[in-house]
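Reviewing the structure listed below.
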Amino acid sequence: MKKHARIDFEGTIKYVSLSPHGDPEGIVLDDGSFVKAPPHSLVKKELFKVGAKVSGTGEIISEEPHPVLHHAQIKAGSEILSDDSGDEDEREELKEAHKADLKSRPDAKEEKLTLKGRIAAIATKPKGEVDRVILEDGTSIHVSKDMKLTRDDCEIGSMIQVEGKTRLYGVARFMKAEIIKQL
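Just add 1294 to the spot in the sequence shown (first one is 1) and you have the numbering used here.
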């Protein structure tokens, strides 16, 4: 696996990206940076809250339109919220433990919806493929690699219509996109 440069970050959480199971899986900071925090890396998921001040370090995998970091350690003060900075073996152990945890709890009911909203944040993979879009209302949208959406296809601030299976977790919403249209 290719190593990327590690950088420090700090800021205030503006949005929390959700997994299909309702766990945080990343954050968008007030400067637009998207810091990925896979659910298996969560230490204190209850502290992932909009408005929380955080800092940490992570590997930068993309810089456009804003920095995207992965394999990060995220802290609030001295509290570690998430740590995905270990080696591959450590991450595999954490993933297996997380899979076991998921089997013990139910997912929210799925409902097929069509939503319209303005793009607030975009997370990409190293080659520019979009894997997450956050709308201004906080909806976390998973973009399948089969959609072949790149950062050139999305622009922060643009209006989109999205159709897909949606799960509601309290006031937070996760959607697996089936169709995305620019408006």
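Heads up, the beta-carbon is just placed ideally off N, CA and C, and yes, glycines get one too.
Run the CB neighbour count on residue i, radius 10 Å, all protein chains shown included, and call it buried at 16 or more, exposed below.
i: T1418; result: buried
i: Q1367; result: buried
i: L1477; result: exposed
i: E1382; result: exposed
i: P1420; result: exposed
i: G1458; result: buried
i: V1427; result: buried
i: A1331; result: buried
i: I1321; result: buried
i: G1316; result: buried
DSSP three-state call for residue i: helix, strand or coil?
i: A1331; result: coil
i: E1358; result: coil
i: H1392; result: helix
i: K1343; result: coil
i: R1399; result: coil
i: D1431; result: coil
i: E1387; result: helix
i: D1440; result: helix
i: D1446; result: helix
Within the same chain, show all residues whose beta-carbon is closer than 7 Å to that of residue i, passing over the 5 residues directly before and after it, in chain order.
i: T1444; result: G1422, E1423, V1424
i: S1335; result: S1376, D1377, D1378, L1388
CB-CB under 6 Å to residue i, same chain, minus the five flanking residues each way: which ones, in chain order?
i: K1410; result: Q1455
i: S1313; result: E1319, P1333
Between residue i and residue j, how many whole angstroms is the CB-CB distance? I'm expecting something under 8 Å.
i: A1402; j: L1462; result: 6 Å
i: M1469; j: I1435; result: 5 Å
i: L1363; j: E1373; result: Contact flag wrong, Cβ pair sits at about 19 Å.
i: V1337; j: F1303; result: Actually they do not touch by this definition, with Cβ atoms about 17 Å apart.
Cβ contact check for the stretch 1300-1308 and the stretch 1317-1334: 3 or more pairs under 8 Å: yes
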